[in-house]
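Going by our numbering, the sequence shown runs without a break in its numbering and finishes at 434.
Single-structure report; data block below.
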Amino acid sequence: MIDIVKLRENPEAVKENMRKKFQHDRLDLVDQAVQLDKDYREALTKASELRARRNKLSKNIGQLMREGKRDEAEQVKQQVKDMADTLKELEAKETELEPQLKAVMMKIPNFIDDSVPIGKDDSENVEIEKFGEPFVPDYEIPYHADIITKLNGLDKDASGRTSGNGFYYLMGDVARLSSAMLSYARDFMIDKGFTYCIPPFMIRSDVVTGVMSFEEMDNMMYKIEGEDLYLIGTSEHSMIGKFKDQIVDEDKLPITMTSYSPCFRKEVGAHGIEERGIYRVHQFEKQEMIVLCKPEDAMEWYNKMWSYTVELFRSMDIPVRTLECCSGDLADLKVKSCDVEAWSPRQKKYFEVGSCSTLGDAQARRLGIRTKGDRGTYYVATLNNTVLASTRALIAFLENNYNEDGSINIPEVLRPYMGGKSIIK
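Take a look at the structure:
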């Protein structure tokens, strides 16, 4: 949610930002917000002025009675009564307009950074940099589900019986490998100075709408029937929500946290759920990182955060690249975002394994997260980034460490988490 002052001062700039995001069909939201804001502030002003006049007249009634001016006193009483009726109407109008204005403001996208490339969708995202040399061996690398199955590590028939499509059982060394990668990612981030946290895996609706747009919410979140609770799609949701309605001491900024959680996603959209494999599923595990900082420090933290994910994957012998998300591919709350993509030697292309975003003060404004220091009270900036998402990271790992005989090499950094094993056969 943008600062409404920016909307009042320059509504055309808000519209131009929406055009950059190719949201031409939503431009009327700006005009709606401008009019609602005008009507709401007008009602507030009139009500405030009326209260002041009413209070002044009310004080005069006693004085008139003491002076024996009973008729005048009665006339003033009637004026006060009429004012009370008008005030009641104005207050009702305030109550009606305030949620309408907020609802429209929640649909207006955040201002994107000037450095964001302009494009309609993810097909126009821009490669930034490659890390590690993409390698294709002279032997065939099977589909990841077949690799895992040959290692007795995947049972999708059983998960189909228990849970349906989009779920899976990981078994044996493969399950251990998945947990090892998550544990390594956790310790990697702790070593970077981040505070480790295991957050709630369910959150209330006011937190959900605070961290994401309504469209994202509908496409991603599972709601608990009969309760105001949603299963998290990423631990960023509950991690940012931890600071809802709080004033954080400026001296404690930046707040840097890393969290583990299972993640649950409906995955509504054109991509669909993968039937055989584990690339696009309803449930996975994730190590996440979030930062709360001063707005002027956000871009520095943004660059640090995605670089940590790159460093992590390179330490596991996985080539990666960073991809700048174009304007049309940015979710409404995001100022700037990039994806980290891992190399797939089987497909001979990169695929997404993580995403880093800076959201300015949009989430903080929605959730009421502020800080207080020498310059007064103001909203913090929030950022989030995937450290490691279990299923996609596992696919990248298996393909890039696959040997011709079907065995899997274990890089040195993961061996302490695998009981010292250097290879899975």
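A virtual CB, placed ideally from N, CA and C, is assigned to each residue, including glycine.
Note that this is a predicted model, so its numbers are computed, not measured.
- The DSSP-derived three-state label of Thr243 is coil.
- Remark: C-beta atoms of Gly181 and Gly169 do not approach each other more closely than 8 Å.
- If the five residues before and after Phe176 are omitted, its C-beta is found closer than 7 Å to the C-beta atoms of Ser168, Val290, His291, Gln292, all from its own chain and listed in chain order.
- DSSP, reduced to helix, strand and coil, places Ser172 outside both helices and strands of the structure shown, so it counts as coil.
- Pairing Glu408 with Pro354 gives a Cβ-Cβ distance under 8 Å.
- Sixteen is the threshold: when 16 or more other Cβ atoms of the shown chains lie within 10 Å of the Cβ of Lys345, as they do, the residue is buried.
- DSSP places Arg285 in no beta strand (DSSP E); its state is neither H nor E.
- Inclusion of Phe120 and Asn19 in the CB contact set at 8 Å is not warranted, their separation being larger than that value.
- Counting along the chain, Ile156 sits inside the alpha helix (DSSP H) bounded by residues 153-159.
- When the alpha-carbon of Met298 is set against those of Gly369, Tyr311, Arg17, the nearest one is in Tyr311.
- In this model, Asp326 and Asn134 are separated by some 25 Å (Cα to Cα).
- Nearest neighbour of Ser187 by Cα position, chosen from Leu423, Ser431, Val329, Gly429, turns out to be Leu423.
- By the Cβ rule, the region 261-280 counts as touching the region 191-208, because three or more pairs are nearer than 8 Å.
- Taken through DSSP and simplified to helix, strand or coil, Ser222 comes out as coil.
- Fewer than three pairs of CB atoms, one per stretch, sit closer than 8 Å, so the region 132-148 makes no contact with the region 388-396.
- Within a 10 Å sphere around the beta-carbon of His153 sit 16 or more other beta-carbons, which makes this residue buried.
- The continuous beta strand (DSSP E) containing Ile264 extends over residues 264-273.
- Cβ-Cβ distances below 6 Å link Ile156 to Leu407 in the same chain, with the five nearest sequence neighbours on each side left out; the list follows chain order.
- For the set Phe360, Ser336, Met314, the Cα lying nearest the Cα of Arg330 is the one of Phe360.
- The continuous beta strand (DSSP E) containing Val362 extends over residues 358-367.
- Listed in chain order, the alpha helix (DSSP H) runs fully inside the region 341-421 are 371-376, 399-409, counting runs of at least 4 residues.
- For Ser244, same chain residues with a beta-carbon under 6 Å away, outside a window of 5 residues either side, are Pro208, Ser268, Ser270, Glu297 in chain order.
- At a Cβ-Cβ threshold of 8 Å, Glu100 and Tyr49 do not count as neighbours.
- When Lys97, Glu98, Leu66 are compared, the shortest CA-CA separation from Gln84 is found for Leu66.
- For Phe140, the pairing in a beta bridge is given by DSSP as Val329.
- Distances from the alpha-carbon of Arg401 to those of Leu53, Ser124, Glu350, Pro304 put Glu350 closest.
- Below 8 Å, enough C-beta pairs join the region 248-257 and the region 366-381 to call them touching: three or more.
- Distances from the CA of Ala373 to each of Tyr387, Asp383, Leu160 were compared; the closest alpha carbon is that of Tyr387.
- Looking from the CA of Asp37, the closest CA among Leu16, Ser57, Ala52, Thr54 belongs to Leu16.
- Pairwise C-beta distances place the region 312-322 out of contact with the region 91-98, as fewer than three of them are shorter than 8 Å.
- Annotated three-state conformation of Asp164 is strand, per DSSP.
- Taking a C-beta distance under 8 Å as the contact criterion, Tyr239 and Ser222 do not qualify as a contact pair.
- In this structure, Pro143 sits away from Gln32, with a CB-CB distance that is not shorter than 8 Å.
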